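If you read the protein sequences in the order shown, they are chains V and B.
Sequential numbering from 1 applies to the first sequence in the numbering used here.
Sequential numbering from 1001 applies to the second sequence in the numbering used here.
First comes the structure, then the notes that go with it.
2 protein chains.
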Amino acid sequence: MQVKTAKLPDHEKVYRRLREMILFGELTPGQAVTIQGLVDTLGVGMTPVREAIRRLTSEGALVFQGNRRVTVPVLDVSEWDEIAFARLAVEPEVSRRAVENMAPDDITRLVAMDDQLNAAIDRGDVRGYLEHNYRFHAALYELSGAQVLLSIANMLWLRGGPSLRVVLGRYGTANLPDKHAEALAGMRAGDGDAVAEAIRGDILQGIDQVRASLLGEKV
Amino acid sequence: MQVKTAKLPDHEKVYRRLREMILFGELTPGQAVTIQGLVDTLGVGMTPVREAIRRLTSEGALVFQGNRRVTVPVLDVSEWDEIAFARLAVEPEVSRRAVENMAPDDITRLVAMDDQLNAAIDRGDVRGYLEHNYRFHAALYELSGAQVLLSIANMLWLRGGPSLRVVLGRYGTANLPDKHAEALAGMRAGDGDAVAEAIRGDILQGIDQVRASLLGEKV
DNA sequence: CTCGCCAGAATATGATCAAAATTCACCGTG
DNA sequence: CACGGTGAATTTTGATCATATTCTGGCGAG
């Protein structure tokens, strides 16, 4: 989803930066997100910040509180289950479609990403895990060309990002969901169903781990 | 999703108005949406218009063209199929959940909505059909309380709204998908599966009709 | 005819300010 | 102690302007 303009508008830069802060847990569940706060943190003007906030609230990545304040979403187990349901519906399907469009270079690129991910896991780097895991999935799904389903997947990852970071912060990178090797094997075989099934298993594993942590509380 | 403030901010008013313009086809596929155009049409200031546009682009209801211009989405058959896939994944599920939360008053309200819908169909009122059909589905799904899935459903309806209006404009209200009677029967019986199945059938019927129209062209 | 260039018009973006709305801290009262 | 009121501080909202970017139409050259 490359913007064709030579120069990125500030609102787009803010959007992307803020999006990553949410995905990878720099912003924590329940945290207030103020315009002036972001102006100070990111060193940009108020207008682009406002516009980026609007975009992210529409994606569920930030939440209107009804008193004009905006916070990072806090998830309870039922919301997590909804995210899980939707991810299981959408992500295996975009994975299957991605395989149909896949070139050898794509697989090579994905393998390199998975290596980075595995290195992050080995060194116990939670932030690195979150980022590399996201990038692996995002790169795979982008290959599907299915823009509508992609926007759903992205929205789901954004909604779950901060809470996932909290949970992982407790348990570290041991026993993290990782069926990427199976997915990559399926890609090499050009077997969309195998890839979809591996992604499905990856998601299920991750869902169960976080769900157990969310039971009885909201993160 | 009630905003608790006593006075709706202008950006929220614009958002809601623009959203309806998209859902019910006042804005047509490919149409450029300019800030100043909306300022003139809606009689509000530039800032709330800009913020509303940002929100709607994040929902896919409006599309960045990459040259800073924003237009109403144009759908081809593959995008319609994606919308169909996601709707079939999500909407029966939220319908099932809605039944679990349903009170007799809710059913009474939905019946009244369906009556309005049937009246619109009888008088060949395409705009009325679109609005009343949307309101029936939205009211049903809202009962689920499943905010994440609801936001997906809303996004999907927004993306398809303008193109659906074009297609219906060609064929009128004859033979429109309508399995609402079956859905209402399921609700009265407290049978979530039956409601889910009726909604599923309703969606499938509508999908097929629009798909046939989109084949070979984009709307 | 096509293509490229240019100027002006149209549009988007960001800055910045004032007004409106909400929150917070403090004080007084029961 | 709890609660309510008040004023200040903080934050959001909308206005409005200047600047940056893109589009469009006309003109000239090949």
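Just so it is clear, CB atoms sit at the ideal spot from N, CA and C, and this is done for glycine as well.
No experiment lies behind these values; they were computed from the predicted model shown.
Using the three-state DSSP reduction, which class does B:Phe1136 fall into: helix, strand or coil?
helix
Taking three-plus beta-carbon pairs below 8 Å as touching, is the stretch 1130 to 1149 of chain B in contact with the stretch 203 to 217 of chain V?
no
Is the Cβ-Cβ distance between V:Glu59 and V:Asn118 less than 9 Å?
no
Between which two residues does the alpha helix (DSSP H) containing B:Glu1026 stretch?
It is not in any alpha helix (DSSP H) - B:Glu1026 carries neither H nor E in the DSSP assignment.
Would you say B:Val1014 reaches chain V, if we count a Cβ-Cβ gap shorter than 9 Å as a contact?
no
Between the C-alpha atoms of B:Leu1088 and B:Leu1149, what's the straight-line distance to the nearest angstrom?
Whole-angstrom Cα-Cα distance: 12 Å.
Please classify V:Leu23 as buried or exposed, where buried requires at least 16 neighbouring CB atoms within 10 angstroms.
V:Leu23 is buried by the Cβ-count criterion.
Alpha carbon to alpha carbon, how far is V:Gln209 from V:Gly169? Give it in angstroms, no decimals.
13 Å
Closer than 6 Å by C-beta to B:Met1049: which residues in its own chain qualify, once you throw out the five before and the five after it? Chain order, please.
The question names Met, but residue 1049 of chain B is Val in the sequence shown. Cβ within range, chain order: Val1014, Ile1035, Leu1038 and Val1039.
Using a cut-off of 8 Å between C-beta atoms, extract the partners of V:Ile223 located in chain B.
Here chain V has residues from 1 to 219 only, and residue 223 of chain V is not among them.
Which residues in chain V have a C-beta closer than 8 Å to the C-beta of B:Val1090? List them in chain order.
Ala86 and Ala89
Indicate the three-state DSSP secondary structure (helix, strand or coil) for B:Asn1101 in the structure shown.
coil
Using a Cβ-Cβ distance under 9 Å, would V:Glu220 count as near chain B?
No information on residue 220 of chain V is available, as it lies outside the stretch 1 to 219 that chain V covers here.
For B:Val1167, does the three-state DSSP call read helix, strand or coil?
B:Val1167 falls in the helix class under three-state DSSP.
Take B:Val1070 as the anchor and find which of B:Pro1029, B:Glu1020 and B:Gly1161 has the nearest alpha-carbon.
B:Pro1029
Take B:Leu1204 as the anchor and find which of B:Asp1191, B:Lys1179, B:Gly1186 and B:Ala1185 has the nearest alpha-carbon.
B:Lys1179
Please list the residues of the stretch 1151 to 1163 of chain B that have a C-beta atom closer than 9 Å to any C-beta atom in chain V, keeping them in chain order.
Of all residues in the stretch 1151 to 1163 of chain B, only Ser1151, Ile1152, Met1155, Leu1156 and Arg1159 come within less than 9 Å of chain V when Cβ atoms are compared, listed by chain position.
Using 8 Å for Cβ pairs, my map puts B:Leu1027 next to B:Val1072. What's the rounded Cβ distance?
5 Å
By Cβ distance below 6 Å, which residues in the same chain neighbour B:Ala1061 in space, the five residues on each side in sequence not counted?
Ile1022 and Leu1158
Whose CA, out of B:Glu1093, B:Ala1103 and B:Asp1081, lies closest to the CA of V:Glu93?
The candidate whose alpha carbon is nearest that of V:Glu93 is B:Asp1081.
Anyone know if the C-beta pair for B:Ile1207 and B:Ala1183 falls short of 9 Å?
no
Identify which residue in V:Arg211, V:Ala196 and V:Glu20 has its Cα closest to the Cα of V:Arg97.
V:Ala196
So for B:Val1033, helix, strand or coil by DSSP?
coil
Excluding the 5 residues preceding and the 5 following B:Gln1116 in the sequence, name in chain order all residues of the same chain whose CB lies nearer than 7 Å to its CB.
His1132
Residues of chain B with CB under 9 Å from V:Glu79, in chain order?
The contacting residues are Ala1146, Gln1147 and Val1148.
Does DSSP put B:Val1063 in a helix, in a strand, or in coil?
Here B:Val1063 sits in strand by DSSP.
Residues in the stretch 34 to 53 of chain V with C-beta within 7 Å of chain B's C-beta atoms, listed in sequence order?
Arg50 and Glu51
Report the rounded CA-to-CA distance for V:Val74 versus B:Asp1010, giving the unit in angstroms.
27 Å
Restricting to Cα atoms, I'd like to know which of V:Arg188, V:Ala185, V:Lys7 and V:Gly160 is closest to V:Ala84.
V:Gly160
Go ahead and pull the three-state DSSP assignment for V:Thr57.
Here V:Thr57 sits in helix by DSSP.
What are the boundary residues of the alpha helix (DSSP H) that includes B:Glu1182?
Segment His1180 to Arg1188, the alpha helix (DSSP H) holding B:Glu1182.
Under a CB-based cut-off of 9 Å, is B:Arg1211 close to chain V?
no
CA-CA distance, B:Val1063 and V:Glu20?
Each residue's Cα considered, the two are about 22 Å apart.
How far does the alpha helix (DSSP H) with V:Asp208 in it reach, from first residue to last?
Run containing V:Asp208: Gly192 to Leu214, per the alpha helix (DSSP H) assignment.
Taking 9 Å as the threshold (beta carbon to beta carbon), is B:Glu1197 in contact with chain V?
no
For B:Asp1202, does the count of other Cβ atoms within 10 angstroms reach 16, so buried, or fall short, so exposed?
buried
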